[in-house]
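Heads up: the protein sequence lines correspond to chains U and X, in order.
One gets this note's numbering by counting positions in the first sequence from 1 and adding 20 to each.
One gets this note's numbering by counting positions in the second sequence from 1 and adding 20 to each.
In this text, a Cβ means the ideal position worked out from N, Cα and C, and glycines have one as well.
Here's the structure we're looking at; comments come further down.
There are 2 protein chains.
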Amino acid sequence: MDLRSAILGLLSWKQSSGYDLKQIISDSDVFYWSGNNNQIYKILLELQKEELVSHQVQLQESLPAKKVYSITEKGLSELRQSLLATPEIPELHKNFLVQLAWTEILSDKEILTLLKKYEDEISDRLRMYQHQSARSGSIPERSKREKYLWKRIADNFINTYQAELDWVHQTQREFSEGKFEDK
Amino acid sequence: MDLRSAILGLLSWKQSSGYDLKQIISDSDVFYWSGNNNQIYKILLELQKEELVSHQVQLQESLPAKKVYSITEKGLSELRQSLLATPEIPELHKNFLVQLAWTEILSDKEILTLLKKYEDEISDRLRMYQHQSARSGSIPERSKREKYLWKRIADNFINTYQAELDWVHQTQREFSEGKFEDK
DNA sequence: TAGAACATGTAAGACGTTACATGATTCA
DNA sequence: TGAATCATGTAACGTCTTACATGTTCTA
């Protein structure tokens with residue numbers, strides 16, 4: 021599942037302009053790419069050349085014209101292929117753990133400050149995510165099945181952040197109690 | 021925490037050749053980079069030019085000579101700066117969730133097959149990780165504090181994979197029972 | 001009047017990966 | 001005899017990011 025397939029997926033849900041795709045991708049934790057123009061507009065031109073998508077120009081009064089892209093039959097069949105591919109395990113880029121790994125040269129107090137800052141970052145994110153899950157009106161809901169799967173996807177992220185928060189709490193507690201001195 | 025700082029961290033633990041660093045980084049989940057030569061050797065030359073590391077050539081009989089790099093005082097001070105930086109929240113690249121997001125065009129059976137494959141991938145990884153944690157003799161242990169933190173880092177990964185496994189089990193159960201039909 | 005939202009695109013560069021190149025030794 | 005390990009490096013390419021360029025309309 022690369023960005024290219026993710027865009028095909030988005031277009032299989034609803035026709036969108038490059039700008040629309042950019043918004044969705046930038047705002048989402050699931051679609052973890054940055055959503056920069058350079059990639060999105062380039063991929064759209066590429067997909068068009070391969071006839072996996074088509075577009076029609078929509079003129080708007082008082083707003084710039086937009087190219088609304090739709091997926092083609094050929095595009096759906098390519099999307100189907102990538103959906104059936106063997107799932108990849110998550111790539112976890114936990115920079116904080118790399119940071120923590122080399123803190124031997126810091127003081128206890130400095131390490132506790134780091135843990136506190138990490139706690140704040142994670143709980144902020146968790147709060148934002150729960151908020152956003154509630155309001156976000158535009159998620160796919162073409163069937164009860166799809167609604168369920170999107171609920172599970174959102175839960176997956178909430179679980180992950182919650183587990184990270186639990187982990188940092190336990191670490192703070194044990195660390196400040198000097199648990200590492202035992203045994 | 022970029023690869024550059026991670027390498028400084030590794031060298032703050034023990035002097036190493038580019039080849040050593042490559043092995044450690046490739047084998048580790050924490051140091052999530054691929055560990056390719058191109059980056060590692062380039063970064064080492066760069067760090068040397070900035071006098072953050074120094075090296076001495078170690079000749080070996082019947083094996084190629086190696087450049088053993090050590091961190092300098094200046095390097096330690098730069099590392100210290102990056103260790104005190106505000107922690108970043110994890111970047112989660114959960115490709116499987118992107119895949120699952122667009123499965124509306126698949127059958128129930130195909131979705132269950134995907135979930136099963138994902139379960140297998142995750143439980144494989146979890147098993148490998150627990151195995152590897154046990155045998156891996158060469159992790160930093162310069163103090164009880166450091167030993168504790170490295171244990172917590174390993175636990176973080178185990179927790180994450182375990183949570184993912186629990187999530188997929190629950191999803192399989194609910195999905196195959198047709199839970200999404202209710203409400 | 002300044003900035004954000006809408007909308008599409010390009011330029012430059014950083015970052016990352018695979019594969020190639022070299023060459024000795026060890027192990028199956 | 002062929003592959004793996006040790007060891008350093010380069011080439012080519014692909015991905016990803018920030019910033020720039022253009023232009024209107026709406027909002028603070």
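Legend entry - Burial state of U/E66, where buried means 16 or more other Cβ atoms lie within 10 Å: By 1-based counting over the first sequence, the position of residue 66 of chain U is 46. So U/E66 ends up on the exposed side.
Legend entry - Beta-carbon neighbours of X/V50, restricted to chain U and to distances below 8 Å: Position 30 of the second sequence, counting from 1, holds the residue named residue 50 of chain X. What X/V50 touches in chain U: K114, L117, V118 and A121.
Legend entry - Limits of the alpha helix (DSSP H) - the one that U/I60 falls within: Numbered from its first residue, the first sequence carries residue 60 of chain U at position 40. Looking at the DSSP string, the run of the alpha helix (DSSP H) that includes U/I60 is N57 to K69.
Inset, instruction - Note down the Cα distance separating U/S78 from U/S36, rounded to an integer number of angstroms. - result: Counted from its first residue, the first sequence places residue 78 of chain U at position 58. Counted from its first residue, the first sequence places residue 36 of chain U at position 16. The sequence shown places Gln at residue 78 of chain U, rather than the Ser named in the question. Roughly 11 Å between the two C-alpha positions.
Inset, instruction - Starting from X/L41, follow the alpha helix (DSSP H) in both directions and report where the run begins and ends. - result: In the second sequence, counting from the first residue as 1, residue 41 of chain X sits at position 21. G38 to D47 is the extent of the alpha helix (DSSP H) around X/L41.
Inset, instruction - For the stretch 140-202 of chain X, list the alpha helix (DSSP H) runs that are entirely contained and at least 4 residues long, ordered along the chain. - result: 164-196
Inset, instruction - Determine the closest residue to U/D128 out of X/E130, X/I142, X/S163 and X/L117, with distance taken between C-alpha atoms. - result: Here residue 128 of chain U refers to the residue found at position 108 of the first sequence. Comparing Cα positions, the closest option is X/S163.
Legend entry - Same chain, Cβ closer than 6 Å to U/S90, neighbours up to 5 away in sequence not counted: Taking the first residue of the first sequence as 1, we reach residue 90 of chain U at position 70. Excluding sequence neighbours, U/S90 sits near Q35 and S74.
Legend entry - Contact with chain X by U/T191, beta-carbon distance below 8 Å: By 1-based counting over the first sequence, the position of residue 191 of chain U is 171. Yes, its Cβ sits closer than 8 Å to a Cβ of chain X.
Inset, instruction - Over the uninterrupted beta strand (DSSP E) stretch that includes X/S90, give me the two end residues. - result: The count along the second sequence starts at 1 and reaches residue 90 of chain X at position 70. Its beta strand (DSSP E) spans residues L83 to I91.
Inset, instruction - Return helix, strand or coil for U/E108, following the three-state DSSP convention. - result: Position 88 of the first sequence, counted from the start, is the residue given in the question as residue 108 of chain U. Residue state, collapsed to three classes: coil.
Inset, instruction - Would you please verify whether the beta carbon of U/Y89 is less than 8 Å from any beta carbon of chain X? - result: Position 69 of the first sequence holds residue 89 of chain U. Not closer than 8 Å to any Cβ of chain X, the Cβ of U/Y89 fails to qualify, so no.
Inset, instruction - Taking 8 Å as the threshold, find out whether the stretch 105-120 of chain X comes into contact with the stretch 110-126 of chain U through three or more Cβ pairs. - result: yes
Inset, instruction - Give the straight-line distance between the Cα atoms of X/L30 and U/E71, rounded to the nearest whole angstrom. - result: As a first step, residue 30 of chain X must be located in the second sequence, where it is residue number 10. As a first step, residue 71 of chain U must be located in the first sequence, where it is residue number 51. X/L30 and U/E71: Cα-Cα distance of roughly 49 Å.
Legend entry - Separation of X/G95 from U/L169, as counted between CA atoms: If you number the first sequence from 1, residue 169 of chain U lands on position 149. If you number the second sequence from 1, residue 95 of chain X lands on position 75. In a straight line, the C-alpha of U/L169 is about 48 Å away from that of X/G95.
Inset, instruction - Quick one: give me the first and last residue of the alpha helix (DSSP H) that U/V118 is part of. - result: The sequence position of residue 118 of chain U within the first sequence is 98, counting from 1. Its alpha helix (DSSP H) spans residues N115 to A121.
Inset, instruction - Could you tell me if U/G38 is buried or exposed, where buried requires 16 or more neighbouring beta carbons within 10 angstroms of its beta carbon? - result: Working through the first sequence from its first residue, we reach residue 38 of chain U at position 18. Counting Cβ neighbours within 10 Å, U/G38 comes out buried, since at least 16 surround it.
Legend entry - Rounded C-alpha distance that separates X/E194 from X/F200: Numbered from 1 along the second sequence, position 174 holds the residue referred to as residue 194 of chain X. Numbered from 1 along the second sequence, position 180 holds the residue referred to as residue 200 of chain X. So the two alpha carbons sit approximately 7 Å from each other.
Legend entry - Burial state of U/Q76, where buried means 16 or more other Cβ atoms lie within 10 Å: Sequence index remark: in the first sequence, residue 76 of chain U carries index 56 (1-based). By the 10 Å Cβ count, U/Q76 comes out exposed.
Inset, instruction - Please go through the same chain and pick out, in chain order, the residues whose beta-carbon is closer than 7 Å to the beta-carbon of U/Y181, but skip the five residues on each side of it. - result: Mapped onto the first sequence, residue 181 of chain U falls at position 161. Hits under 7 Å: I142, R145, L146 and Y149.
Inset, instruction - Answer yes or no: does any C-beta atom of chain U fall closer than 8 Å to that of X/K137? - result: By one-based count along the second sequence, residue 137 of chain X stands at place 117. True, the Cβ-Cβ gap to chain U drops below 8 Å.
Legend entry - Coarse secondary structure for X/S54, derived from DSSP in three states: One-based indexing of the second sequence puts residue 54 of chain X at position 34. Looking at X/S54 - three-state DSSP - the assignment turns out to be coil, as it is neither helix nor strand.
Legend entry - 8 Å Cβ shell around X/R24 - same chain, five flanking residues per side excluded: Residue numbering aside, residue 24 of chain X sits at position 4 when the second sequence is read from its first letter. Within the same chain, X/R24 has close Cβ partners I63, E66 and L67.
Legend entry - Terminal residues of the alpha helix (DSSP H) in which U/S25 lies: As a position in the first sequence, residue 25 of chain U is number 5, starting the count at 1. Its alpha helix (DSSP H) spans residues L23 to W33.
Inset, instruction - Using a Cβ cut-off of 7 Å, pull out every chain X residue sitting near U/A26, in sequence order please. - result: Within the first sequence, residue 26 of chain U is the residue found at index 6, counting from 1. Those are V118, listed as they occur along chain X.
Inset, instruction - Give me the Cα-Cα distance between U/N179 and U/N56, rounded to the nearest whole angstrom. - result: Position 159 of the first sequence, counted from the start, is the residue given in the question as residue 179 of chain U. Position 36 of the first sequence, counted from the start, is the residue given in the question as residue 56 of chain U. If you take the alpha carbons of U/N179 and U/N56, they lie about 28 Å apart.
Inset, instruction - Give me the Cα-Cα distance between X/R165 and X/K69, rounded to the nearest whole angstrom. - result: Indexing the second sequence from 1 puts residue 165 of chain X at position 145. Indexing the second sequence from 1 puts residue 69 of chain X at position 49. C-alpha separation (whole angstroms): 33 Å.
Inset, instruction - With 8 Å as the threshold, decide whether the Cβ of U/P107 is near any Cβ in chain X. - result: Translated into the one-based positions of the first sequence, residue 107 of chain U becomes position 87. Chain X contact via Cβ: present.
Inset, instruction - Report the option in X/Q119, X/L28, X/I173 and X/E108 whose CA atom is closest to the CA atom of X/E98. - result: As a working mapping, residue 98 of chain X is identified with position 78 in the second sequence. The shortest C-alpha separation from X/E98 is found at X/L28.
Legend entry - DSSP-derived helix/strand/coil call for X/L72: As a working note, residue 72 of chain X is residue 52 in the second sequence. DSSP places X/L72 in coil when its eight states are reduced to three.
Inset, instruction - With a threshold of 16 other CB atoms inside 10 Å of the CB of X/I173, please say whether the residue is buried or exposed. - result: As a working mapping, residue 173 of chain X is identified with position 153 in the second sequence. Label assigned to X/I173: buried.
Legend entry - Cutoff 8 Å; reference X/Q80; Cβ partners in own chain excluding five residues on either side: Position 60 of the second sequence, counted from the first residue, corresponds to residue 80 of chain X. Once the five neighbours on either side are set aside, the close Cβ partners of X/Q80 are K86.
Inset, instruction - Answer yes or no: do X/E124 and X/Q192 have a C-beta to C-beta separation smaller than 8 Å? - result: As a first step, residue 124 of chain X must be located in the second sequence, where it is residue number 104. As a first step, residue 192 of chain X must be located in the second sequence, where it is residue number 172. Against a cut-off of 8 Å, the Cβ pair of X/Q192 and X/E124 comes out as no contact.
Legend entry - Neighbour-count burial assignment, X/D186, 16 or more Cβ in a 10 Å radius: One-based indexing of the second sequence puts residue 186 of chain X at position 166. Burial call: exposed.
Legend entry - Beta carbon proximity, U/L104 to chain X, threshold 8 Å: On the first sequence, position 84 is the one that residue 104 of chain U refers to. At least one chain X Cβ lies under 8 Å of U/L104.
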